[in-house]
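A.B. asks:
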Amino acid sequence: MTSEHRYRACPLCEAICGLDFRFDSERLTAIRGDHADPFSAGHICPKGNAILDLEADPERLRLPQRRTSTGWETIGWDEAFAWAAEKLATIQAAHGANAVAAYLGNPNVHHFGHIAYVPQLLRALKTRNVYSASSVDQWPHQLVAWAMYGHQFLIPIADIDHTDYLLMLGANPVASNGSLMTAPGFPRRIKALTRRGTLVVVDPRRTETAELASRHLPIRPGGDAWLLLALLQALTRIGPPRLAAYGERIQGFEQALAAIAAVDVGDLHARTGIAIDEIERVAQELYAAPSAAVYGRMGVSTQAFGSLCQWLIQLLNLYSGNLDRAGGVLPNDPVLPVTGPGTGKGHRGLWSSRVRGLPEFAGELPVAALAEEILTAGDGQVRALITSAGNPVLSTPDGRNLDRALASLEFMVSIDIYVNETTRHADLILPPTSFLSQHHYDLIFNAFAVRQVARWNAPLIDQPSDERADWQIVNGLGAALAAASGKEWRALPPPAAMIEAGLRRAGKVDVDALKAAPHGLDLGPLQPSLLRRLETESGKIECAPDFLLADLWRLTSVDRPLGVGALQLIGRRDPRDNNSWMHNAPRLTKGKARHQLWLHPDDMASRGIVDGARVRVRSRIGVVETEAMAQNALRPGVACLPHGYGHDRGDVGWSRAAALPGVSYNDLSDPLDLDMPSGNAALNGTPVWVEVV
Ligand SMILES: Nc1nc2c(c(=O)[nH]1)N[C@H]1C(S)=C(S)[C@@H](COP(=O)(O)OP(=O)(O)OC[C@H]3O[C@@H](n4cnc5c(=O)[nH]c(N)nc54)[C@H](O)[C@@H]3O)O[C@H]1N2
Ligand SMILES: Nc1nc2c(c(=O)[nH]1)N[C@H]1C(S)=C(S)[C@@H](COP(=O)(O)OP(=O)(O)OC[C@H]3O[C@@H](n4cnc5c(=O)[nH]c(N)nc54)[C@H](O)[C@@H]3O)O[C@H]1N2
Ligand code: SF4
Ligand SMILES: [Mo]
Numbered sequence: 143m144t145s146e147h148r149y150r151a152c153p154l155c156e157a158i159c160g161l162d163f164r165f166d167s168e169r170l171t172a173i174r175g176d177h178a179d180p181f182s183a184g185h186i187c188p189k190g191n192a193i194l195d196l197e198a199d200p201e202r203l204r205l206p207q208r209r210t211s212t213g214w215e216t217i218g219w220d221e222a223f224a225w226a227a228e229k230l231a232t233i234q235a236a237h238g239a240n241a242v243a244a245y246l247g248n249p250n251v252h253h254f255g256h257i258a259y260v261p262q263l264l265r266a267l268k269t270r271n272v273y274s275a276s277s278v279d280q281w282p283h284q285l286v287a288w289a290m291y292g293h294q295f296l297i298p299i300a301d302i303d304h305t306d307y308l309l310m311l312g313a314n315p316v317a318s319n320g321s322l323m324t325a326p327g328f329p330r331r332i333k334a335l336t337r338r339g340t341l342v343v344v345d346p347r348r349t350e351t352a353e354l355a356s357r358h359l360p361i362r363p364g365g366d367a368w369l370l371l372a373l374l375q376a377l378t379r380i381g382p383p384r385l386a387a388y389g390e391r392i393q394g395f396e397q398a399l400a401a402i403a404a405v406d407v408g409d410l411h412a413r414t415g416i417a418i419d420e421i422e423r424v425a426q427e428l429y430a431a432p433s434a435a436v437y438g439r440m441g442v443s444t445q446a447f448g449s450l451c452q453w454l455i456q457l458l459n460l461y462s463g464n465l466d467r468a469g470g471v472l473p474n475d476p477v478l479p480v481t482g483p484g485t486g487k488g489h490r491g492l493w494s495s496r497v498r499g500l501p502e503f504a505g506e507l508p509v510a511a512l513a514e515e516i517l518t519a520g521d522g523q524v525r526a527l528i529t530s531a532g533n534p535v536l537s538t539p540d541g542r543n544l545d546r547a548l549a550s551l552e553f554m555v556s557i558d559i560y561v562n563e564t565t566r567h568a569d570l571i572l573p574p575t576s577f578l579s580q581h582h583y584d585l586i587f588n589a590f591a592v593r594q595v596a597r598w599n600a601p602l603i604d605q606p607s608d609e610r611a612d613w614q615i616v617n618g619l620g621a622a623l624a625a626a627s628g629k630e631w632r633a634l635p636p637p638a639a640m641i642e643a644g645l646r647r648a649g650k651v652d653v654d655a656l657k658a659a660p661h662g663l664d665l666g667p668l669q670p671s672l673l674r675r676l677e678t679e680s681g682k683i684e685c686a687p688d689f690l691l692a693d694l695w696r697l698t699s700v701d702r703p704l705g706v707g708a709l710q711l712i713g714r715r716d717p718r719d720n721n722s723w724m725h726n727a728p729r730l731t732k733g734k735a736r737h738q739l740w741l742h743p744d745d746m747a748s749r750g751i752v753d754g755a756r757v758r759v760r761s762r763i764g765v766v767e768t769e770a771m772a773q774n775a776l777r778p779g780v781a782c783l784p785h786g787y788g789h790d791r792g793d794v795g796w797s798r799a800a801a802l803p804g805v806s807y808n809d810l811s812d813p814l815d816l817d818m819p820s821g822n823a824a825l826n827g828t829p830v831w832v833e834v835v
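Here it is in structure tokens:
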């Protein structure tokens, strides 16, 4: 028996850990962290190891599946492409381009064969009905980066390995492995930070990250905008803004500060749940620290004032002189550029959604509007849908309604490896072959990494001759669509050629050396680059975008009373979950169940709920029943439920997942509850009423 090590980055989350795949006689037998990877240094989480389960899962699809009246039948690739193209072309010819919608899920970003190819297909379709998981995730970051710095991906990254002071809001990287901050191995980095300086975590729950922090501030869900405003107001009392480094390249700062100073923060303690002297102390520390960074993620993006929070975070980093500075926050300037010429900088409001009039951002509409666009009759109604690597029935607000909407479509085609809660409605599923057989380069996560890194991931196994890769599926669909509609289609070359051409054009790294480095290359710490890369029309940092100033007014004019007896629902991530789609993996689902609704013991006592009791959870949108679990780490008044559960919907194709207990968070979340400037869903903070069944 011959044993061999082969190396590749993990595609399952943003941490892009280097993994060591062990093969015995060409059979994949074990997966370990790659200790020779200069960036991840051997880090691996339970999901990395569960790639073994994904590769071996008999329920994973390998060949095109057509839905029949009794189940699914396998058909040939060419027949599948021709059928899908004929249906889509006919619907567009009869009802216009917008009658076909597209939804792109999270794994699109993790595979070069998706992210570099799918846009070509969307251009060929010319539809305005494009949706993605970004609008239940990170739109506030992208919108604020676009408005202030001129490009949606010019996002400053917290320099976690060098900063003296990190204020972290609404993120739990010890469980999630981080987001918009690619840094494999958070516990190690956080321990080094708290030895060197201070980490303050702002979160309604004492999370795994808060446990490692210097201090934890248990905020009221949705109180962050008030906290951030109060911090900025406190800074103006402590000392002058440190703007010298930005010279003439900054605009609107005084205007922004004046608008912020004019806000009456009222009863701050009631609004945030945090003591006033704690807020003052954070402001003092932030200003005094030799270097400091403020970072906010899911918990502050997916709430009603997500964009306001992200804007205020930028202003705090500016005021304290930490924007674009080592030890502060600074954008990565990656080897393969995601900003600059030829990249999509973004735009806003060039068109609006048909039913609710929500503005587009960067060519997409908020996914919270997808169901109504399908269900509302009239000119421009969505009649067909393409999904790629997504499961919006579980991952977007009011999933039950989307479930019903999908059942009413004239045609649906999904590029996915499973029959999930969403793709079960498809007429046709096109499953890509294993990522292990493909060339890959991380376009996005290298650009959000806390160091300059690069890695060419070469195939580890051969592609079975009867299977198709993601990029081949896009090319196949595109060519068939062109044939059916009389449009043009220029097939894109394979990933290896695309990556090589991109790297040579960028000219930042020795391509042959990169290819010959199976563990990837470390190219050093982040360096200031923001000022020379600004893409705003003025060429300056825009501190006072009018629609964000206007949103201050929304914050102060709308008091949102919770309702008698209501709790605020927030989410959580467990190291063994990956959004909605890895619950068929035995390695991740054996042992104790973890789907329960967490409640503070005081809230249980006042409702007569005992640990383990079956409870009914009600929101404006829906009702679910699940088990309650007492959790001291929660702030009273808060209920906590993971998303991505609720697989028992009849005909899903993952039987192990379907047998798990648990309900979908998004059967409770409200599609009308949005961060208005961006249209991002406010998934956290939903009012719910909980009672014993
Ligand atoms: N309530 C609540 N809702 C949330 C969140 C939350 O915190 N709370 N988080 C949100 C966030 S951050 C995100 S990113 C979204 C995710 O939302 P989605 O992207 O809609 O859902 P996923 O669960 O990631 O589903 C991914 C799908 O891709 C498929 N897949 C996996 N690998 C591949 C591949 O290589 N190719 C193809 N074609 N398919 C593949 C899987 O089978 C699965 O069906 O959920 C959001 N929803
Ligand atoms: N294990 C695991 N890892 C994952 C994923 C997964 O599903 N499972 N998904 C991946 C994806 S797609 C993403 S985008 C990232 C997300 O990565 P993170 O941004 O770290 O996301 P979460 O772990 O959901 O952490 C959000 C935190 O916000 C807190 N929170 C909720 N509401 C509020 C609020 O109003 N204010 C404040 N300050 N905090 C609040 C929650 O309690 C929670 O601890 O994780 C990625 N990694
Ligand atoms: S943290 Fe886990 S899922 Fe994320 S890249 Fe590393 S091994 Fe993969
Ligand atoms: Mo995400």
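According to the working numbering, the residues represented by the sequence shown are 143 to 835, in order.
Glycine included, each C-beta is placed from N, C-alpha and C at the ideal position.
From a predicted model like this one, the values you see are computed outputs, not experimental measurements.
1. Using a Cβ-Cβ cutoff of less than 8 Å, which residues in the same chain neighbour Leu663 once the five nearest sequence positions on both sides are dropped?
2. Look at the alpha carbon of Ala568 and the alpha carbon of Ser211, and state the distance between them as a whole number of angstroms.
3. Please report the Cβ distance between Ile305 and Ala425, rounded to the nearest whole angstrom; I am assuming they are in contact, meaning their Cβ atoms lie under 8 Å.
4. Contact check, Val835 vs Arg756 under 8 Å by CB: the rounded distance?
5. At which residues does the alpha helix (DSSP H) containing Trp631 begin and terminate?
6. Should Ala403 be listed as close to ligand 2, given that the test is whether its C-beta is under 7 Å from any heavy atom?
7. Considering only heavy atoms of ligand 3, does any lie closer than 7 Å to the CB of Ile641?
8. Comparing C-alpha positions only, which one of Arg762, Asp409, Arg208 sits nearest to Arg566?
9. Would you mind giving the Cβ-Cβ distance between Ala591 and Ile557, rounded to the nearest angstrom? I have them listed as a contact below 8 Å.
10. Closest to Leu802 by CA distance: which of Gly463, Gly190, Ala735 is it?
11. DSSP has Gly175 in a bridge; who is on the other side?
12. Leaving out the 5 sequence neighbours to the left and right, which residues in its chain are closer than 6 Å to Leu252 when beta-carbon positions are compared?
13. By the three-class DSSP mapping on this structure, what secondary structure does Val759 have?
14. Pull up the DSSP beta-bridge partners for His358, would you.
15. In chain order, what residues of the same chain lie with their CB nearer than 6 Å to the CB of Ser811, ignoring the 5 residues before and after it?
16. Tell me whether Ala178, by its Cβ, gets closer than 7 Å to a heavy atom of ligand 3.
17. Could you round the C-beta distance between Gln294 and Ala287 to whole angstroms and report it? I think they count as a contact, below 8 Å.
18. With a threshold of 8 Å on Cβ separation, who are the neighbours of Gly190 within its own chain once the five nearest residues in sequence on each side are excluded?
19. Could you pull out every unbroken alpha helix (DSSP H) segment of at least 4 residues lying fully inside the segment 676 to 754, listed in chain order?
20. My understanding is that Thr414 touches Gly365, with C-beta atoms under 8 Å, so please give their C-beta distance in whole angstroms.
21. How many angstroms separate the CA atom of Val535 from the CA atom of Gly541?
22. Are the segment 190 to 202 and the segment 472 to 484 in contact at 8 Å, needing three or more beta carbon pairs?
23. Please state the DSSP three-state secondary structure of Pro670.
24. Is there at least one non-hydrogen atom of ligand 2 closer than 7 Å to the beta-carbon of Glu156?
25. Enumerate in chain order the residues of its own chain whose CB-to-CB distance from Asn533 is below 7 Å, with the five nearest sequence positions on each side excluded.
26. Rounded to the nearest angstrom, what separates Cys187 and Asp719 at their Cα positions?
27. Output the boundary residues of the beta strand (DSSP E) element that contains Thr768.
28. Take every Cβ of the segment 773 to 789, pair it with every Cβ of the segment 501 to 509, and state whether three or more of those distances are shorter than 8 Å.
29. Whose C-alpha, out of Thr324, Ala244, Ala266, His237, is nearest the C-alpha of Pro667?
30. Exposed or buried, Thr678, counting other C-beta atoms within 10 Å across all chains shown (16 or more means buried)?
31. By alpha-carbon positions, which one of Ala626, Leu354, Pro670, Gly320 ends up nearest to Gly463?
32. Can you say whether Trp281 is buried or exposed, counting buried as having 16 or more other CB atoms within 10 angstroms of its CB?
33. Quick one: Cα of Ser680 to Cα of His489, how far?
34. Assign Asp409 to buried or exposed, taking buried as 16 or more other Cβ atoms, counted over all protein chains shown, within 10 Å of its Cβ.
35. Flag this pair as yes or no: are the beta carbons of Ala547 and Ile571 separated by less than 8 Å?
36. Grab me the residues of Ser145's own chain with a C-beta within less than 6 Å of its C-beta, minus the 5 sequence neighbours each way, in chain order.
C.D. replies: Looking at the coordinates:
1. Pro180, Val595, Ala596, Arg597, Val651, Ala655, Leu656
2. 13 Å
3. In the sequence on display, residue 305 carries Thr and not Ile. In fact, because the Cβ distance is near 17 Å, the residues do not count as touching under 8 Å.
4. 4 Å
5. Note, Trp631: premise wrong, no alpha helix (DSSP H); not H, not E.
6. no
7. no
8. Arg208
9. Wrong, their Cβ atoms sit about 27 Å apart, outside the cutoff.
10. Ala735
11. Leu161
12. For clarity, residue 252 is His in the given sequence; the question names Leu instead. Excluding residues within five positions, the ones whose Cβ falls inside 6 Å are Pro153.
13. strand
14. Val343
15. Pro539, Leu825, Thr828
16. no
17. 6 Å
18. Cys152, Leu154, Cys159, Leu161, Ile173, Gly175
19. 688 to 699, 728 to 731, 743 to 749
20. 4 Å
21. 4 Å
22. no
23. coil
24. yes
25. Gly247, Asn562, Glu563, Thr564, Ser722, Trp723
26. 11 Å
27. 765 to 772
28. no
29. Thr324
30. buried
31. Pro670
32. buried
33. 15 Å
34. exposed
35. no
36. Asp166
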